[in-house]
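Asker:
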Amino acid sequence: MNLQPKTDNTQPGKVDLRDMSLSELSGWASSLSLESFRARQIFRWLWRSDVTSFDQMTDLQKELRQRLSELYYISSLRPEKIERSQDGTKKFLFALSDGNHIESVLIPEKGHYTLCLSSQAGCAMGCRFCLTGKGGFKRNLKTSEIVNQVLAVQGALPDEKLSRPSASGGNEASPSAPERDAAPGGLTNLVFMGMGEPLANYENLIKSLQILLADEGCGFSSRRVTVSTCGLVPQMEKLGRDITVNLAISLHAPDNETRNFLMPINRTYPLEVLIEACRRFPLPQRRMITFEYLLISGVNDSPEQARALAKLLRDVRAKINLIPFNAYPGSEFKPPPPERVLAFQQILIKNHYTTMIRQSKGADISAACGQLHAHVVYGSQRGEEVV
Ligand code: SAH
Ligand code: SF4
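Here the sequence shown stands for residues 11 to 397, numbered as in the numbering used here.
#1: Tell me whether L352 is buried or exposed, calling it buried when 16 or more other Cβ atoms sit within 10 Å of its Cβ.
#2: Which first and last residues belong to the beta strand (DSSP E) in which M366 is found?
#3: Using three-state DSSP, classify G6 as helix, strand or coil.
#4: Would you mind giving the Cβ-Cβ distance between R251 and H262, rounded to the nearest angstrom? I have them listed as a contact below 8 Å.
#5: Determine, using beta-carbon pairs with one atom in the stretch 68-86 and one in the stretch 253-261, whether at least three such pairs fall under 8 Å.
#6: Going by Cα to Cα distance, which pick from L242, E119, G241 and L272 is closest to K144?
#7: For Q220, which of A134, W57, D374 and P264 has the nearest alpha-carbon?
#8: Rounded C-beta distance between S128 and M205? I'm assuming under 8 Å.
#9: Less than 7 Å between C-beta atoms, sequence neighbours within five positions excluded: which residues of the same chain meet that for A224?
#10: Verify whether the separation of the beta carbon atoms of L172 and Y123 is less than 9 Å.
#11: Should E207 be labelled buried (16 or more other beta-carbon atoms within 10 Å of its own) or exposed?
#12: According to DSSP, what are the bridge partners of E119?
#13: What are the complete alpha helix (DSSP H) segments, minimum 4 residues, inside the stretch 22-106?
#14: Under a criterion of Cβ closer than 5 Å to any non-hydrogen atom of ligand 2, which residues qualify, in chain order?
#15: Measure from the alpha carbon of Y295 to the alpha carbon of each residue in T254, D265 and P280, then state which is nearest.
See below:
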């Protein structure tokens, strides 16, 4: 069954309130001489409940609701399709208001869920191994489109207890919005590892992070939100100054020659520049940068390359995730045999790096790392649809 998209499309002449950060809303509220708590009150309604109209904001005066609805609207996303992998991973396909498609992937882990978010429709970075990259770049996602992925997943699977904080909780607001079970666990972790390069959509990324982390917003812990980048050094430095979240680097090679072959961005910011920026990245105590290292047979999986990687990351607070390459139809690469993956890991462990082998989940529904491409030809996909 395909679900009918009920995406609230853009409304001509009106501004989407879900594109506004709390500080923008506060500025707007004071420009209208509204009481200062109104901005927080509206912000809570926007991000802690499923409201799609101002009439649902029951603790705002009717006149204010009317004024709001003349100038603003509230966007939402509804999944067009949900597929379930045998391992429990679920992939959500969303149609955007302009016809572009994006995907988000919900991954069950021990005691909680992780949601993998898209930041762009497509990607312009052109990494040689990545299916998203091969599809080319469509456009940046708006702030609302990034955060609405979280609300849509929480709303689509209420049985999973993907709890979110309720809209109530402040002294001045007492909304009657349906509150969700505050189940322990639930959706606690977010990773920007879906479609797109988050740091290439910097402004909207930061605004969406502010909303995701705000107590009055989605209330995620900064310890549980990770931004992954192919290595846009200036934006990485800015991210470190602007907000506290976890950083993951898609490294994939220990030398410039191999990395140039795999990732065009390396020609602009070569390894020595990237690693120096990692050394300088402001990390809270006891936190590390995660280095993602895709293992591709015959390209970057030799013992010498493992030793070179260990040397490269010396003096960096690093943990390493090894990801055997996920093949897809027509891919030019193959994953190494398991014993070669283990040998690579052993060398890094001997060099005192925390090193995990990350078996990508959801490969049977093309939801694994690098397999996202918002394929809308449903007949060609496998996997069981849910809802
Ligand atoms: N653009 C950002 C965020 C996307 S994260 C980045 O590159 O970091 C997607 C992750 O999946 C990246 O680490 C990417 O390198 C990895 N990836 C891409 N194609 C893959 C594939 N075929 N198999 C396994 N991992 C892949
Ligand atoms: Fe873009 Fe990341 Fe894929 Fe590279 S790996 S093409 S940066 S999504």
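From the three backbone atoms N, C-alpha and C, an ideal C-beta is built for every residue, glycine too.
Answerer: Working from what's here:
#1: exposed
#2: T364 to I367
#3: Examination of residue 6 is not possible in this model, given that the chain is present from 11 through 397 alone.
#4: 26 Å between Cβ atoms; not a contact.
#5: no
#6: L272
#7: W57
#8: 4 Å
#9: L32
#10: yes
#11: buried
#12: H122
#13: 32-41, 47-58 and 72-81
#14: C133, M135, C137, C140, T142, G143, E207 and C240
#15: In the sequence on display, residue 295 carries Gln and not Tyr. Nearest C-alpha to Q295: T254.
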